[in-house]
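Here is the structure we will look at.
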Amino acid sequence: MTDAIRGETRGTAPVPLSVLDLVTVGRGGSATESLATSVELVRLAERRGFHRHWVAEHHSMPGVASSSPAVILAHLAAHTRRIRLGSGGVMLPNHAPLVIAEQFGTLEALAPGRVDLGLGRAPGTDGATAVALRRAESPKEGADDFPEQLAELTRFLDDDFPDGHPYSRIHAIPGPVQGPKGRPPVWLLGSSGFSARLAGLLGLPFAFAHHFSGRNTIPALDLYRESFRPSGLLDAPYAVISVATLASEDAAEARRQVLTGALAMLQLRSGRPGLMPTPEEAEAYRVSPVEREFMDEWVGNVLYGTPDEVRTGLDDLQKRTGADELMLTANVHSGEARLRSHELIADAYELPELAE
Numbered sequence: 301m302t303d304a305i306r307g308e309t310r311g312t313a314p315v316p317l318s319v320l321d322l323v324t325v326g327r328g329g330s331a332t333e334s335l336a337t338s339v340e341l342v343r344l345a346e347r348r349g350f351h352r353h354w355v356a357e358h359h360s361m362p363g364v365a366s367s368s369p370a371v372i373l374a375h376l377a378a379h380t381r382r383i384r385l386g387s388g389g390v391m392l393p394n395h396a397p398l399v400i401a402e403q404f405g406t407l408e409a410l411a412p413g414r415v416d417l418g419l420g421r422a423p424g425t426d427g428a429t430a431v432a433l434r435r436a437e438s439p440k441e442g443a444d445d446f447p448e449q450l451a452e453l454t455r456f457l458d459d460d461f462p463d464g465h466p467y468s469r470i471h472a473i474p475g476p477v478q479g480p481k482g483r484p485p486v487w488l489l490g491s492s493g494f495s496a497r498l499a500g501l502l503g504l505p506f507a508f509a510h511h512f513s514g515r516n517t518i519p520a521l522d523l524y525r526e527s528f529r530p531s532g533l534l535d536a537p538y539a540v541i542s543v544a545t546l547a548s549e550d551a552a553e554a555r556r557q558v559l560t561g562a563l564a565m566l567q568l569r570s571g572r573p574g575l576m577p578t579p580e581e582a583e584a585y586r587v588s589p590v591e592r593e594f595m596d597e598w599v600g601n602v603l604y605g606t607p608d609e610v611r612t613g614l615d616d617l618q619k620r621t622g623a624d625e626l627m628l629t630a631n632v633h634s635g636e637a638r639l640r641s642h643e644l645i646a647d648a649y650e651l652p653e654l655a656e
């Protein structure tokens, strides 16, 4: 299973490259169009030798059509043959562990040996929506017992509850009870130190959300590595960081697109989530000084510009963090721009054109 985690470095890239897909819905578009773009993106990623393609779980966000990662991943599996597919991530407190074990057991049966189960403890939404998802009194219910939920999920995946346990006669189907087979490797995701430390203690691979928490990246990775204990899955730490990127032949156009993501995040943080704004909307928006500071900080965490500029930024970031893998995400208005960005970055690193 270690090979499923440690990808192959291709071309001149410093480490394996992967994709984080938010299934962005821009103003004037639709979820149907965005999901079609995701199919184009995963096929591009597979053709150019990216190691994995993950889909994130979000809720009640009009500009993000990824509320059901398992459903989307099944669709992407039907359009690919080699690339690893996974959740970046499933927000475990939103779901019963048995449900996740069944969903990802089904995905493993559909795409044997190429499914990742990335898990987070945040709700992937606002507090009110979290309460609706969890049928709970408080959005914090579920998150506080994340380690216990993770242990339960792992036992369902392995079908190894001990005799006498209330769940010892319950089986996640598809699953090991049907016969020997592999199961998806579990990853922990985070934007702070909690999951970093837990991933290290359990000997699991770790993915850090650098794309929206850049200040915490190095402290979290240091904590993960310091806490790491070898396990049956990994004998040494393995850390991925997700990086916001946008490459274009025209650096000014890259900035125009990046500003759409910055405005969308400003609106989300202000309690006004909506469809991803157009470049024209972003340019026309009258920004207050406080909003300008927020948007400038957001844009400052994105690696954008010409392909050479983005490549240099990725190289520098990998050296500073020691990341074992870089996962690229382009959360901007234009689906065409997202696709072109990944193609240009692949070209900049001389990634090969693989046979279909």
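Basically the working numbering = 1-based index in the sequence shown + 300. From the three backbone atoms N, C-alpha and C, an ideal C-beta is built for every residue, glycine too. No experiment lies behind these values; they were computed from the predicted model shown.
Could you tell me the distance, in whole angstroms, from the CA atom of G328 to the CA atom of T309? 38 Å
So for S334, helix, strand or coil by DSSP? helix
Local conformation of A313 per DSSP, three classes: coil
In angstroms, rounded to a whole number, what distance separates the CA positions of G561 and G311? 29 Å
Is the distance from the Cβ of A499 to the Cβ of Y524 below 8 Å? yes
So if DSSP puts G328 in a beta bridge, which residue, or which two residues, is it bridged to? Paired residue(s): none; G328 is not in a bridge.
Start and end residues, alpha helix (DSSP H) containing V590: First-last of the alpha helix (DSSP H) with V590: 589 to 600.
Ordered along the chain, which non-local residues of its own chain (more than five positions away) have a Cβ less than 7 Å from that of T621? T517, I518, L521, I541
Suppose the cutoff is 7 Å on Cβ atoms and the five residues either side in sequence are ignored; what does the same chain contact list for E402 look like? A472, I473
Pick from A411, S338, D303: whose alpha carbon is nearest that of G256? Residue 256 lies beyond the range of the chain shown here (301 to 656); nothing can be said about it.
Three CB pairs or more closer than 8 Å across the segment 559 to 576 and the segment 627 to 634: yes
Out of G493, L654, L563, which has the shortest C-alpha to C-alpha gap to G514? G493 is the residue among G493, L654, L563 whose C-alpha sits nearest the C-alpha of G514.
Considering only C-alpha positions, which residue in the set G605, T578, F506 is nearest to A544? G605
Shortest alpha-carbon distance to E597 belongs to which of H511, A331, M627? H511
Y649 to G613, Cα distance in whole Å? 12 Å
Neighbourhood of L575 by C-beta distance below 7 Å, restricted to the same chain and skipping five residues each side: Excluding its 5 nearest sequence neighbours in each direction, L575 has C-beta neighbours in its own chain below 7 Å: V325, G326, R327, P362, G363, listed in chain order.
Which same chain residues, not among the five before or five after E452, have their C-beta less than 7 Å away from its C-beta? P397
V315 to A623, Cα distance in whole Å? 8 Å
Going by other Cβ atoms of all chains shown within 10 Å of its Cβ, with 16 needed for buried, is H351 buried or exposed? buried
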